[in-house]
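J.:
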Amino acid sequence: MATVSPSWAYTLQLPHDPRAPGIARATLRTVLAAHGLTELTPTAELLASELLTNAHLHTKGPYALRIRSTEPDRLRVAVWDTDPRVPPGFGQEGASVVVPDREAENGRGLHLVRACADSWGVSVLRELGVSKGGKLLWAECVG
6 MATVSPSWAY
16 TLQLPHDPRA
26 PGIARATLRT
36 VLAAHGLTEL
46 TPTAELLASE
56 LLTNAHLHTK
66 GPYALRIRST
76 EPDRLRVAVW
86 DTDPRVPPGF
96 GQEGASVVVP
106 DREAENGRGL
116 HLVRACADSW
126 GVSVLRELGV
136 SKGGKLLWAE
146 CVG
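Take our numbering: the last position of the sequence shown gets the number 148, and nothing is skipped along the way.
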């Protein structure tokens, strides 16, 4: 008898604290292990790390990690933050991304996300009632 794996989702609310990305990555590893998706861990952790670090460095408020699986062996890693501005080169597939010089100490994060994800995107969220607005950057990986 075939079994169907139900979809699942987790959201981890994070304060604007330099320890938050590390805590989120540890949570991601635990969730993937619990769902038997450890083969996705290296890619998912890289994607989450870059998106979380981007939110921490470029926003002043809280942010959140969202992990979702609607199909077996497919994972969406998303990071919400309060800033509605979309980072350059992340808004549209095919948009050019400026790769920093080899000697640059930062600026490679979203380029890595685009290179390593099977798909990626962004949703700009409007403030509605309890919604805080902002944006949701997401990336998917497939096992």
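Every residue, glycine too, gets a C-beta built ideally from N, C-alpha and C.
Check L70 in the structure and name its three-state DSSP category.
T.: Counting from one through the sequence shown, the residue named residue 70 turns up at place 65. In the structure shown, L70 sits in a strand (DSSP, three-state: E or B).
J.: Going by beta carbon distance, what residues of the same chain come within less than 7 Å of S124, once the five residues before and after it are set aside?
T.: Start at 1 with the first residue of the sequence shown, and residue 124 comes out as number 119. Contacts found: E145.
J.: If I measure Cβ to Cβ from Y15 and keep anything under 6 Å in the same chain, skipping five residues before and after, which residues do I get?
T.: Taking the sequence shown and counting its residues from 1, the one referred to as residue 15 is at position 10. Counting only Cβ-Cβ distances below 6 Å, and skipping sequence neighbours, we find V36 and I72.
J.: Compute the beta-carbon to beta-carbon distance between V129 and V82, rounded to the nearest angstrom, for a pair I have assumed lies under 8 Å.
T.: Here residue 129 corresponds to residue number 124 of the sequence shown, with the count starting at 1. Here residue 82 corresponds to residue number 77 of the sequence shown, with the count starting at 1. With 8 Å as the limit, V129 and V82 do not qualify as a contact, their Cβ atoms being about 18 Å apart.
J.: Tell me whether S12 sits in a helix, a strand or coil according to DSSP, three-state version.
T.: As a working mapping, residue 12 is identified with position 7 in the sequence shown. Note: S12 maps to coil in three-state DSSP.
J.: Assuming E145 is part of the beta strand (DSSP E), what are its boundary residues?
T.: In the sequence shown, the residue the question calls residue 145 occupies position 140. Start and end: G139 to V147.
J.: Tell me where the beta strand (DSSP E) around V127 begins and ends.
T.: Here residue 127 corresponds to residue number 122 of the sequence shown, with the count starting at 1. S124 to L130 is the extent of the beta strand (DSSP E) around V127.
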